[in-house]
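Have a look at the structure below before the remarks.
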Amino acid sequence: MSLIDLDLLARYGPRLLSGLWVTLQLVALSVAIGALLAFPLAFARKSPIAPIRWASFGYSYFFRGTPLLAQTFLVYYGAGQFRPELQAVGLWWLFRDAFFCCALTFTLNTAAYQAEILRGALAAVPTGQVEAGMALGLSRWRIFRHIVLPQALVVALRPFGNEIILMVKGSAVAAIVTVFDLMGATRLAYARSFDFQVYLWAAVLYLAVVETLRRVWDRLERRMTRHLRPGGA
Amino acid sequence: MELLSLLRFGPDGWGDELAAGAWLTIRLALATLPFGIVLGFFVALAKRSERPALVVLGNTFTTVFRGLPELLTIFLVYFGGQILLQRLVGLVFDGATVEVNGFVAGMIALGLVFAAYSSEVFLGAFRGIGRGQWEAAAALGLRPIATMRLVILPQLIRLALPGLANLWLVLLKDTSLVSVIALSDLLRRTNIAVGATKEPFFFYAVACGLYLVMSIVSSFGINAVERWANRGVRGRA
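Keeping their order, the protein sequence lines are chains P and V. Taking the UniProt record's numbering, the leading residue of the first sequence gets 1, the next gets one more, and so forth. Taking the UniProt record's numbering, the leading residue of the second sequence gets 1, the next gets one more, and so forth.
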């Protein structure tokens, strides 16, 4: 047995690559929409209205305290139970689709994690910064937009990168609800060929994605924080 | 409530099945924990080693098992272990078939992942221990193993505890992935209940609730352990 079976590679390589593409789409979509949802969620945690605070806390607690796979089952199989209702509002075609259900679940899940990251990052900005902004007579929006947010985003950068990596890895559960992402394509290839090396190929592909992300993020972070280092190097 | 009666214990309810699944989930997580902690500790030692080969080995281990999806690691260990064992046994007994125990495979896979993350936690904790501690131990004439056991480890545990506690909560959730290798954990039992009752939303919500209960109970346990580990630190009751 050679290390790489070329025949096998020709047959299943393209499938794995198209699976990888599905994985990347799934992650990009979920992380991007999740980031948008994270803002209102993080603000809700500091709302003066108690029920809004509780709701945001409960949301975060639920999505961070339960397995992603269980959440995916809840949405994908759970939606089937509400088929008449979903058909009535014209959304059944979406919930029938495993890719959509996974994207929805992953978005809700990562929004909870990203909201926590954002909340921590906003809290890390010293109060003096806000006070200085008020002393300059800036409006609350301008203080947030020009003083607090830029500093918070620098703090959030690293955990945000880690969250993307966790999403890449977590997205493999999509394979269990019939999405042909990288993991799904690999499982299919294994079921047909019974050759264990397809799993090793998938491992290499996942590692390549994660390592690339990590390195790009290191670069990005170094660039974004260059004003914080002496000498500006 | 008609739905709630589905959760009855006994032959006509799913309560006992779900409880048995939750029990397996807890057992798996508890069995994985010591394995993951000990392995992670040694990986951290390797990464701190003066021998370049050990450093490379430790770093590669971390990169691989932190980078792979947990689900893939489980498949790799389960199917890969099967093939490997089959070959090994095949060398001795011709034509014998072996079957890898799902529990052990899950434990090893989750333990490898836990070790990769916990080695980083230990590495950070090592950095939190001042050089003076090592020097003082050397000045007292303690051997390396005694230094580690009596001086470093007690402090290391305290420093590593918050990170390890987080990893425990992640581990509890990751156990759900073993349901795909035919291990009757909470999530798989839930799948079976759903298949029989056609009430997916209700049962998956119950399963999520049980996972939440497990992590809430864990938080209490973690607080107690942290109080114990911090007992010698002034100003931190």
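Every residue gets a Cβ at the ideal spot worked out from N, C-alpha and C, and that includes glycine. These numbers come from a predicted model, not from an experiment.
Partners in chain P for residue i, counting only beta-carbon separations shorter than 7 Å
{"i": "L76 (chain V)", "result": "Y199, A203"}
{"i": "G67 (chain V)", "result": "Y206, L207, V210, E211"}
{"i": "V194 (chain V)", "result": "Y77"}
{"i": "S215 (chain V)", "result": "G65"}
{"i": "A207 (chain V)", "result": "A70"}
{"i": "V64 (chain V)", "result": "L207"}
Coarse secondary structure for residue i, derived from DSSP in three states
{"i": "T225 (chain P)", "result": "coil"}
{"i": "P126 (chain P)", "result": "coil"}
{"i": "P67 (chain P)", "result": "coil"}
{"i": "I108 (chain V)", "result": "helix"}
{"i": "D7 (chain P)", "result": "helix"}
{"i": "R234 (chain V)", "result": "coil"}
{"i": "A233 (chain P)", "result": "Note that A233 (chain P) has pLDDT 48, beneath the 50 cutoff, so the model's placement of it is unreliable and no number is given."}
{"i": "E50 (chain V)", "result": "coil"}
{"i": "A182 (chain V)", "result": "coil"}
{"i": "I169 (chain P)", "result": "Before going further, note that residue 169 (chain P) is Lys rather than Ile in the sequence given. If DSSP states are grouped into helix, strand and coil, K169 (chain P) belongs with the helices."}
{"i": "F39 (chain P)", "result": "helix"}
{"i": "F79 (chain V)", "result": "helix"}
{"i": "V27 (chain P)", "result": "helix"}
{"i": "W14 (chain V)", "result": "coil"}
{"i": "M1 (chain P)", "result": "With a pLDDT of only 48 at M1 (chain P), under 50, the local geometry of the prediction cannot be trusted, and no value is derived from it."}
{"i": "L17 (chain P)", "result": "helix"}
{"i": "V100 (chain V)", "result": "coil"}
{"i": "R143 (chain V)", "result": "coil"}
{"i": "D218 (chain P)", "result": "helix"}
Residue i vs residue j beta-carbon contact at 8 Å
{"i": "F99 (chain P)", "j": "S171 (chain P)", "result": "no"}
{"i": "L220 (chain P)", "j": "L157 (chain P)", "result": "yes"}
{"i": "L166 (chain P)", "j": "A38 (chain P)", "result": "no"}
{"i": "G13 (chain P)", "j": "D181 (chain P)", "result": "no"}
{"i": "L213 (chain P)", "j": "I164 (chain P)", "result": "yes"}
{"i": "A116 (chain V)", "j": "T60 (chain V)", "result": "no"}
{"i": "S193 (chain P)", "j": "L9 (chain P)", "result": "no"}
{"i": "D185 (chain V)", "j": "T25 (chain V)", "result": "yes"}
{"i": "V155 (chain P)", "j": "G67 (chain V)", "result": "no"}
{"i": "S5 (chain V)", "j": "L69 (chain P)", "result": "no"}
{"i": "Y211 (chain V)", "j": "T190 (chain V)", "result": "no"}
{"i": "A137 (chain V)", "j": "V151 (chain V)", "result": "yes"}
{"i": "S218 (chain V)", "j": "L167 (chain V)", "result": "no"}
Buried versus exposed call for residue i [16 or more other C-beta atoms within 10 Å across all chains shown]
{"i": "I4 (chain P)", "result": "exposed"}
{"i": "residue 316 (chain V)", "result": "Nothing about residue 316 (chain V) can be reported from this structure: the residues present for chain V run from 1 to 237 only."}
{"i": "V31 (chain P)", "result": "buried"}
{"i": "N109 (chain P)", "result": "buried"}
{"i": "A237 (chain V)", "result": "Model confidence at A237 (chain V) stands at a pLDDT of 45, short of 50, so the residue's coordinates are unreliable; what they give is reported in the following sentence. Answer is exposed; the Cβ neighbour count stays below 16."}
{"i": "M183 (chain P)", "result": "buried"}
{"i": "P200 (chain V)", "result": "buried"}
{"i": "W228 (chain V)", "result": "exposed"}
{"i": "F63 (chain P)", "result": "buried"}
{"i": "E116 (chain P)", "result": "buried"}
{"i": "R8 (chain V)", "result": "exposed"}
{"i": "Q129 (chain P)", "result": "exposed"}
{"i": "W201 (chain P)", "result": "buried"}
{"i": "G58 (chain V)", "result": "buried"}
{"i": "T97 (chain V)", "result": "exposed"}
{"i": "V194 (chain V)", "result": "buried"}
{"i": "A44 (chain V)", "result": "buried"}
{"i": "I181 (chain V)", "result": "buried"}
Residue i: CB within 7 Å of a non-hydrogen atom of the ligand NAP
{"i": "A135 (chain P)", "result": "The model depicted lacks the ligand NAP and carries no ligand whatsoever."}
Beta-carbon neighbours of residue i, restricted to chain P and to distances below 8 Å
{"i": "E99 (chain V)", "result": "Neighbours of E99 (chain V) on chain P: none; closest Cβ ~16 Å, over 8 Å."}
{"i": "S5 (chain V)", "result": "Neighbours of S5 (chain V) on chain P: none; closest Cβ ~18 Å, over 8 Å."}
{"i": "V43 (chain V)", "result": "The contacting residues do not exist; V43 (chain V) stays about 17 Å from chain P at best."}
{"i": "L212 (chain V)", "result": "Y61, F62, G65, T66"}
{"i": "L187 (chain V)", "result": "P67, L69, A70, F73"}
Cross-chain neighbours of residue i in chain V, by beta carbon under 8 Å
{"i": "F196 (chain P)", "result": "F79, G80, I83"}
{"i": "I33 (chain P)", "result": "Near I33 (chain P) there are no residues of chain V at all, since even the closest Cβ is about 21 Å away, more than 8 Å."}
{"i": "K46 (chain P)", "result": "The premise fails here: K46 (chain P) is roughly 23 Å from chain V at the closest Cβ pair, so nothing lies under 8 Å."}
Chain-ordered neighbours of residue i on chain V, where CB pairs are closer than 9 Å
{"i": "M183 (chain P)", "result": "P69, L71, L72, F75"}
9 Å Cβ cut-off: residues of chain P touching residue i
{"i": "P200 (chain V)", "result": "F73, L74, Y76, Y77, G78, A79, G80, Q81"}
{"i": "V56 (chain V)", "result": "Ordered by position in chain P, no residue passes the 9 Å Cβ test against V56 (chain V), which lies about 15 Å from the chain."}
* What residues in the region 80–98 of chain P have a beta carbon less than 7 Å from any beta carbon of chain V? -> G80, Q81
* Asked: Taking a cut of 8 Å between CB atoms, which residues from the region 52–77 of chain P lie near chain V?
  -> Y61, F62, G65, T66, P67, L68, L69, A70, Q71, F73, L74, Y77
* Listed from N- to C-terminal order along the chain, which residues in the region 126–147 of chain P have their beta-carbon within a distance smaller than 8 Å of any beta-carbon of chain V? -> none
* Given a limit of 8 Å on CB to CB distance, which residues of the region 95–120 of chain V reach chain P? -> none
* To do: Check each residue of the region 161–179 of chain P: if its Cβ is closer than 9 Å to any Cβ of chain V, include it; give the result in chain order.
  => Cβ proximity to chain V below 9 Å picks out I165, V168, K169, G170, S171, A172, V173, A175, I176 from the region 161–179 of chain P.
* Short-range partners of chain P found in the region 151–182 of chain V, where Cβ spacing is below 9 Å -> For the region 151–182 of chain V, which is checked against every Cβ of chain P, the residues closer than 9 Å are L169, L172, K173, D174, T175, S176, L177, S179, V180.
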